[in-house]
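Input: a single structure, listed below in structure tokens.
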Amino acid sequence: MDTAVWRGLITTALDRQELVTRRIVAKARGGSAAYARLDEASFAAEHTEIIRFLLTDLVGQRRIDETELGRFRQFGALRARQGIGLEELLWGTRIAIREQLTELTDIGHSHNLSAENLLTMTYYVLDICDHVLVALTTGHQQADRERARVDEHQRADFTRAVLLGTLGVAELGVRAQRYGLDPEAAYVPFRARQLSAVQPLTPPGAFTATIDGDVAGFAGTLTRTGCGEPVGTGPGARLDHLAGSFAQATRALHTAVAFGKPGVHELADLGLLPTVLADAETGDILVRRYLTPVHDAALRVTLRTYLETGQHVEDTATRLIVHPNTIRYRLKRYQELTGVDLSDPDATLELWWALRRAELTKPTPPDTA
Numbered sequence: 000m001d002t003a004v005w006r007g008l009i010t011t012a013l014d015r016q017e018l019v020t021r022r023i024v025a026k027a028r029g030g031s032a033a034y035a036r037l038d039e040a041s042f043a044a045e046h047t048e049i050i051r052f053l054l055t056d057l058v059g060q061r062r063i064d065e066t067e068l069g070r071f072r073q074f075g076a077l078r079a080r081q082g083i084g085l086e087e088l089l090w091g092t093r094i095a096i097r098e099q100l101t102e103l104t105d106i107g108h109s110h111n112l113s114a115e116n117l118l119t120m121t122y123y124v125l126d127i128c129d130h131v132l133v134a135l136t137t138g139h140q141q142a143d144r145e146r147a148r149v150d151e152h153q154r155a156d157f158t159r160a161v162l163l164g165t166l167g168v169a170e171l172g173v174r175a176q177r178y179g180l181d182p183e184a185a186y187v188p189f190r191a192r193q194l195s196a197v198q199p200l201t202p203p204g205a206f207t208a209t210i211d212g213d214v215a216g217f218a219g220t221l222t223r224t225g226c227g228e229p230v231g232t233g234p235g236a237r238l239d240h241l242a243g244s245f246a247q248a249t250r251a252l253h254t255a256v257a258f259g260k261p262g263v264h265e266l267a268d269l270g271l272l273p274t275v276l277a278d279a280e281t282g283d284i285l286v287r288r289y290l291t292p293v294h295d296a297a298l299r300v301t302l303r304t305y306l307e308t309g310q311h312v313e314d315t316a317t318r319l320i321v322h323p324n325t326i327r328y329r330l331k332r333y334q335e336l337t338g339v340d341l342s343d344p345d346a347t348l349e350l351w352w353a354l355r356r357a358e359l360t361k362p363t364p365p366d367t368a
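So for the sequence shown, numbering that gives the first Met the number 0 puts the first residue at 0; every next one is plus one.
Right under this line is the structure:
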């Protein structure tokens, strides 16, 4: 096509762009609730700017370059930020392409363009529009991903604030409403070392965040079976009281990890073990009193098993695969070494405490790999 004719065609299209834009805006707003929510004047101005930019590029009858594609990516990102979905963006773009092609064809007829030249023009415009559609889509998707990252970050911040109790009641209510949470409902807090530990336990949409390297969060319900790793949980509580429950979940996790107890645990499930873990001073005193005189590892195992079986000699012997008299001999020897009376319930409780404390202070085996 003659360059002068082409330039004249595009110049006329630029002069008539306001009319074309009005048609495009009317059709887009009439067929899409998302477009209808946009301010009409701003919508028209944005569209006019981007179409003028495209038509100006068409003057040279050349391939669109990377800088120009970047402009269309920015426009796609703008629509994403305005709440226009990708499907709606592409639908609206097709409307714009059809209207613009119709306008260019009408202008071509008025310029007495041949059918061959009109077809060449149409192919060229459609080829350019293919690149524009890709750029718009890329920009929209990039903005969507960025928005998702921001939303995820804000959601994690909210989760962390709820669990640590750093939000005021008013702000908590506003932010809970944003996420569709009921401030009066009970939620279950949890904490684990790995995300893989909590994924099978929590429903879709559970709120999670990282706290001191652990995975923490809360959900309306929590499955308590099928977990092979330690998970700490607390009693269900309202959002404004969840911090106290989460503190219990934290203690439960630390205790379960320290004593090698897989599965889901509340603080109440762990008996005195959280206290054994927390009160190192008392534990060390009891270790010196009840275990330091005992250097025989087999004797310590016997004591632990004896307490675990409810102080039944026969059951202890069965567990350890020895004769009951061997157990009686070991227990007698222990009492002689330490002066501890194993029939005294206070003494057996303190012995149990010492044995559990000793578990926490066992030296780590050397790496022989």
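All C-beta atoms in this analysis are idealised placements derived from N, C-alpha and C, irrespective of residue type, glycine included.
Just so it is clear, the structure is predicted and the values come from calculations on it, not from any experiment.
query                                                                                                          : result
Per DSSP, cross-strand counterpart(s) of Pro-188                                                               : Phe-217
Run of the beta strand (DSSP E) containing Thr-165, from where it starts to where it stops                     : Unbroken run through Thr-165: none, as it is neither H nor E.
Outcome for Gln-193 when other beta-carbon atoms lying within 10 angstroms are tallied against a minimum of 16 : exposed
Close Cβ partners of Gly-225 (< 8 Å) along its chain, the five nearest in sequence each way excluded           : Pro-199 and Leu-200
Outcome for Val-24 when other beta-carbon atoms lying within 10 angstroms are tallied against a minimum of 16  : buried
Same chain, Cβ closer than 7 Å to Leu-302, five either side skipped, listed in chain order                     : Tyr-333, Leu-350 and Leu-354
N- and C-terminal bounds of the alpha helix (DSSP H) containing Ile-9                                          : 2-14
Environment of His-369 [buried if 16+ CB atoms lie within 10 Å]                                                : Residue 369 lies beyond the range of the chain shown here (0 to 368); nothing can be said about it.
Gly-231: first and last residue of the uninterrupted beta strand (DSSP E) it sits in                           : 229-232
Closer than 7 Å: Gln-176 CB and nearest the ligand COA heavy atom                                              : Because no ligand of any kind appears in the structure shown, any question about the ligand COA cannot be addressed here.
DSSP-derived helix/strand/coil call for Gly-243                                                                : helix
Pairwise C-alpha distance: Ala-147 and Glu-48                                                                  : 28 Å
Burial state of Phe-52 (16 or more Cβ within 10 Å)                                                             : exposed
Cβ shell of Arg-72 (< 6 Å), same chain only, five flanking positions each side left out                        : Ala-134, Thr-137 and Gly-138
Beta strand (DSSP E) runs contained entirely in the segment 255-289, provided each spans 3 or more residues    : 262-265
Contact check, Asp-213 vs Arg-237, beta carbons under 8 Å                                                      : no
C-beta contact flag for Leu-68 and His-130 at 8 Å                                                              : yes
Continuous alpha helix (DSSP H) stretch holding Thr-301: start and end                                         : 296-307
Three-pair Cβ contact test at 8 Å for the segment 164-174 versus the segment 237-248                           : yes
Simplified DSSP state of Thr-222, which is helix, strand or coil                                               : coil
Those residues which DSSP pairs with Ala-236 across a bridge                                                   : Tyr-186
Limits of the alpha helix (DSSP H) - the one that Ala-33 falls within                                          : 32-36
Ala-208 - containing beta strand (DSSP E), residue span                                                        : 206-210
C-alpha distance - Trp-90 paired with Leu-117, whole-angstrom precision                                        : 25 Å
Test item: CB-CB of Gln-81 and Leu-37 under 8 Å                                                                : yes
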